[in-house]
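Since the structure comes first, as structure tokens, the remarks are kept for the end.
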Amino acid sequence: MRHLNGTKLILVALVATLGALLFPVWSYADRSGTGLANLEAETVPTQWGPLSATDRDFLTKVRLAGLWELPAGQQAVERAPTQAIRDAGDHLVVGHTDLDQRARDAAAKLGLELPNQPNEQQQGWLNQLTDAQGIEYQRKFVNLLRAAHGKVFGLIGQVRNSTRNTLIRELADAANATVLDHITMLERTGLVDFDAIAADAAGTATASPTGPPPPGNAAPPSPVPAVPSGDAILTSKPSAPPRTTGETADSTATPRTPHSMPMG
Numbered sequence: 001m002r003h004l005n006g007t008k009l010i011l012v013a014l015v016a017t018l019g020a021l022l023f024p025v026w027s028y029a030d031r032s033g034t035g036l037a038n039l040e041a042e043t044v045p046t047q048w049g050p051l052s053a054t055d056r057d058f059l060t061k062v063r064l065a066g067l068w069e070l071p072a073g074q075q076a077v078e079r080a081p082t083q084a085i086r087d088a089g090d091h092l093v094v095g096h097t098d099l100d101q102r103a104r105d106a107a108a109k110l111g112l113e114l115p116n117q118p119n120e121q122q123q124g125w126l127n128q129l130t131d132a133q134g135i136e137y138q139r140k141f142v143n144l145l146r147a148a149h150g151k152v153f154g155l156i157g158q159v160r161n162s163t164r165n166t167l168i169r170e171l172a173d174a175a176n177a178t179v180l181d182h183i184t185m186l187e188r189t190g191l192v193d194f195d196a197i198a199a200d201a202a203g204t205a206t207a208s209p210t211g212p213p214p215p216g217n218a219a220p221p222s223p224v225p226a227v228p229s230g231d232a233i234l235t236s237k238p239s240a241p242p243r244t245t246g247e248t249a250d251s252t253a254t255p256r257t258p259h260s261m262p263m264g
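Following UniProt numbering from start to finish, the sequence shown increments by one per residue and tops out at 264.
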């Protein structure tokens, strides 16, 4: 009896283990709310191709970006504390005027409603810029806008890679060029806090980086011998060639002149 009871316990344990292994497979296979099923459930057909939830979110965010970045650029042009800030503001105005028109045209064709006011967070950024003065204003202008552009840059790549809608694909192409231009102009001011950007990106990362280890044990580079300048070479006296055994100096010999060397 004890042997039979032990056998039953082993069988029950095996069945429970098998069930635990199979449950995740059953629970996630061919069920709605996950993966491809989720994508198809949130996608609607249009004459320009399927329009997904990510596509619609992207279109809304392009519009929202223009609603606060365009007035921020106008303010920078008007206040113009430095030429670099003025140039960055001018690029924001020109870029978002064009991009906003593209977004509204696409939304009209797709029958989508877009916001007409910046959201609460964006309005707060505009208020910060309005209240700031001097170098504080310049730093806030550059870093608020650089951070916003950097975050939407990732979304543009995701949408451009996965969208099946030609209107959204064209908008992503235009947004990619515009956002990269704005990032470049903001960085040219020399006021971007790259440490803060890196820390923010690390705080939202969901996976550890898998690059090669740092070169902690790498040997130091060999010292490079100093090379004299062209002037030093030209003004220095040529060294006499070594004498061989039994050779005597000939005072009547014609002295050698060094070859002329080009100035680097």
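All C-beta atoms, glycine included, are put in the ideal place defined by N, C-alpha and C.
The beta carbon of T54 is closer than 8 Å to those of Q158, V159, S162 and T163 in its chain, skipping five residues each way along the sequence. The Cβ atoms of V142 and L186 sit closer than 7 Å to each other. Between the alpha carbons of H96 and F58 lies a distance of about 15 Å. A straight-line Cα-Cα distance of about 15 Å links A80 and D131. R104 is the residue among R86, A41, P45 and R104 whose C-alpha sits nearest the C-alpha of L67. Collapsing the DSSP output to three states places L51 in a strand. In the DSSP annotation of this structure, T46 is not part of any alpha helix (DSSP H), being labelled neither H nor E. In this structure the region 74-89 does not touch the region 106-121; the number of beta carbon pairs closer than 8 Å is below three. Judged by beta-carbon spacing, N165 lies within the 7 Å limit of W48, meaning their Cβ atoms are closer than that value. Judged by beta-carbon spacing, L64 lies within the 7 Å limit of P115, meaning their Cβ atoms are closer than that value.
In the DSSP assignment, T189 falls outside any alpha helix (DSSP H), carrying neither H nor E. Of the candidates A196, V94 and P214, the residue whose Cα lies closest to the Cα of R146 is A196.
By the Cβ-count criterion, E69 is buried, with 16 or more other Cβ atoms from all chains shown falling within 10 Å of its own Cβ. Separation of the CB atoms of V93 and G73 is rounded to 4 Å, and the pair is thereby assigned contact status at 8 Å.
In terms of Cβ geometry, T189 and A84 form a close pair [threshold 7 Å]. In this model, A205 and A108 are separated by some 36 Å (Cα to Cα). In its chain, beyond the 5 residues on either side, S52 have a beta carbon closer than 7 Å to the beta carbon of L39. Exclusion of the five residues before and after V44 leaves P50 and L51 as the residues of its chain whose Cβ lies within less than 8 Å of its Cβ. Taking C-beta atoms as the reference points, A174 and R102 count as a pair closer than 7 Å. Per the C-alpha coordinates, the member of E136, F153, T46 and T82 positioned closest to V62 is F153. For A175, the three-state secondary structure derived from DSSP is helix.
By the Cβ-count criterion, A201 is exposed, with fewer than 16 other Cβ atoms from all chains shown falling within 10 Å of its own Cβ. L144 is classed as buried because its beta carbon has at least 16 other beta carbons within 10 Å across all chains shown. Residue burial annotation: A148 is buried, with at least 16 other C-beta atoms found within 10 angstroms of its C-beta. Here T184 is exposed: its Cβ has fewer than 16 other Cβ atoms, across all protein chains shown, within 10 Å.
Between the C-alpha atoms of P71 and G203 there is a straight-line separation of about 30 Å.
If you draw a 10 Å sphere on the C-beta of L167, you find 16 or more other C-beta atoms in it, and that means buried.
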